[in-house]
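Student: The structure is given below, and queries will be raised subsequently.
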Amino acid sequence: DELWTAGKAMYKLEPAVAPGGELIIYAPHLDTVSHVHGKYIYQAGYHVRDYYLKQWDRFKDIPLGVLAHGTHVRGSGTYENGVERARIDVALATKIPQADCERLSLGYYDVSEINLEHWQGRAHEGVLYVPKAGEILYRVKQS
262 DELWTAGKAM
272 YKLEPAVAPG
282 GELIIYAPHL
292 DTVSHVHGKY
302 IYQAGYHVRD
312 YYLKQWDRFK
322 DIPLGVLAHG
332 THVRGSGTYE
342 NGVERARIDV
352 ALATKIPQAD
362 CERLSLGYYD
372 VSEINLEHWQ
382 GRAHEGVLYV
392 PKAGEILYRV
402 KQS
């Protein structure tokens with residue numbers, strides 16, 4: 262499996278994550294960013310849309326589909342005065358090394374230290390565990 266497909270967990274769940282929150286993509290089997298697009302993804306990283314647009318000369322030769330993927334996985338946010346501020350943090354708990362996560366502008370958790378039971382059943386605390394998170398689009402219900 263690849264982050265290219267696993268990243269859909271982010272764009273399916275981002276609307277349900279509070280500003281300043283964190284989404285962890287837990288995929289202990291995942292060890293590849295993308296067999297086809299990996300070279301370009303490592304060049305561009307994962308960033309908010311304006312990060313790419315406000316530095317277009319730097320990214321103009323990256324395929325647009327790769328840049329779109331980068332914004333979908335990183336989510337919404339701003340890029341002003343050289344500072345990127347994503348609405349939420351995105352981290353990986355996979356076999357992708359920490360150095361690669363940092364290079365890609367993603368957070369990192371050591372997958373071998375993740376105890377799923379610690380994350381389950383805590384919705385009342387604002388911690389939501391969603392198995393197979395890329396299958397359903399989530400929204401926050403307005404009260």
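Residue numbers (the numbering used here): 262 to 404.
Idealized CB from N, CA, C, for every residue including glycine.
#1: What is the DSSP secondary structure of glycine 281, reduced to helix, strand or coil?
#2: Within 10 angstroms of the Cβ of tyrosine 312, are there 16 or more other Cβ atoms? Answer buried if so, exposed if not.
#3: Report the residue from Lys402, Gln304, Ile375 and Ser404 whose alpha carbon sits nearest the alpha carbon of tyrosine 390.
#4: Check each candidate in Leu353, Gln381, Gly395 and Gly336 and name the one with the smallest Cα separation from leucine 291.
#5: If the criterion is Cβ atoms closer than 9 Å, does the pair glycine 395 and lysine 300 meet it?
#6: Expressed to the nearest angstrom, what Euclidean distance is found between the alpha-carbon atoms of histidine 298 and threonine 355?
#7: How many whole angstroms separate the CB atoms of glycine 368 and valine 351, which I take to be in contact at a CB cut-off of 8 Å?
#8: Counting only runs of 4+ residues fully inside the stretch 294–376, write out the alpha helix (DSSP H) ranges in chain order.
#9: In terms of alpha-carbon separation, which member of Leu274, Asp262, Ala267 and Glu283 lies closest to isoleucine 349?
#10: What are the residues that DSSP puts in a beta bridge with glutamate 396?
#11: Can you have a look at alanine 279 and say buried or exposed, based on whether 16 or more other CB atoms are within 10 angstroms of its CB?
#12: With a 10 Å radius around its C-beta and 16 neighbouring C-beta atoms as the bar for buried, classify threonine 266 as buried or exposed.
#13: Ignore the nearest five residues each way along the sequence and tell me which others in tryptophan 380's own chain have a CB closer than 7 Å to its CB.
#14: Considering only their Cβ atoms, is the gap separating valine 327 from alanine 305 smaller than 9 Å?
Tutor: If we stick to the structure as given:
#1: Within the sequence shown, numbered from 1, the residue matching residue 281 stands at position 20. Annotated three-state conformation of glycine 281 is coil, per DSSP.
#2: Residue mapping note: residue 312 aligns to position 51 of the sequence shown, counting from 1. Its Cβ being crowded by 16 or more others within 10 Å, tyrosine 312 is buried.
#3: Working through the sequence shown from its first residue, we reach residue 390 at position 129. Per the C-alpha coordinates, the member of Lys402, Gln304, Ile375 and Ser404 positioned closest to tyrosine 390 is Ile375.
#4: Numbered from 1 along the sequence shown, position 30 holds the residue referred to as residue 291. The residue with the shortest Cα to Cα distance from leucine 291 is Leu353.
#5: Position 134 of the sequence shown, counting from 1, holds the residue named residue 395. Position 39 of the sequence shown, counting from 1, holds the residue named residue 300. It is not a contact, given that the beta carbons lie outside the stated cut-off.
#6: Your numbering for residue 298 matches position 37 in the sequence shown. Your numbering for residue 355 matches position 94 in the sequence shown. Here the C-alpha atom of histidine 298 lies approximately 18 Å from the C-alpha atom of threonine 355.
#7: On the sequence shown, residue 368 is found 107 positions in, with the first residue counted as 1. On the sequence shown, residue 351 is found 90 positions in, with the first residue counted as 1. About 6 Å; that satisfies the 8 Å criterion.
#8: As summarised for the stretch 294–376, the continuous alpha helix (DSSP H) elements at least 4 residues long and confined to that stretch are 299–305, 310–314, 317–320, 325–335 and 359–364, given in chain order.
#9: The residue labelled residue 349 in the question sits at position 88 within the sequence shown. For isoleucine 349, the nearest C-alpha among the options comes from Glu283.
#10: Within the sequence shown, residue 396 is the residue found at index 135, counting from 1. Per DSSP, none; premise fails for glutamate 396.
#11: In the sequence shown, residue 279 corresponds to position 18, counting from 1. If you draw a 10 Å sphere on the C-beta of alanine 279, you find fewer than 16 other C-beta atoms in it, and that means exposed.
#12: As a working note, residue 266 is residue 5 in the sequence shown. Its Cβ having fewer than 16 others within 10 Å, threonine 266 is exposed.
#13: Reading the sequence shown from its first residue, position 119 is the one you call residue 380. Counting only Cβ-Cβ distances below 7 Å, and skipping sequence neighbours, we find Val388 and Tyr390.
#14: As a working mapping, residue 305 is identified with position 44 in the sequence shown. As a working mapping, residue 327 is identified with position 66 in the sequence shown. Yes; because the gap between Cβ atoms is below 9 Å, this pair is in contact.
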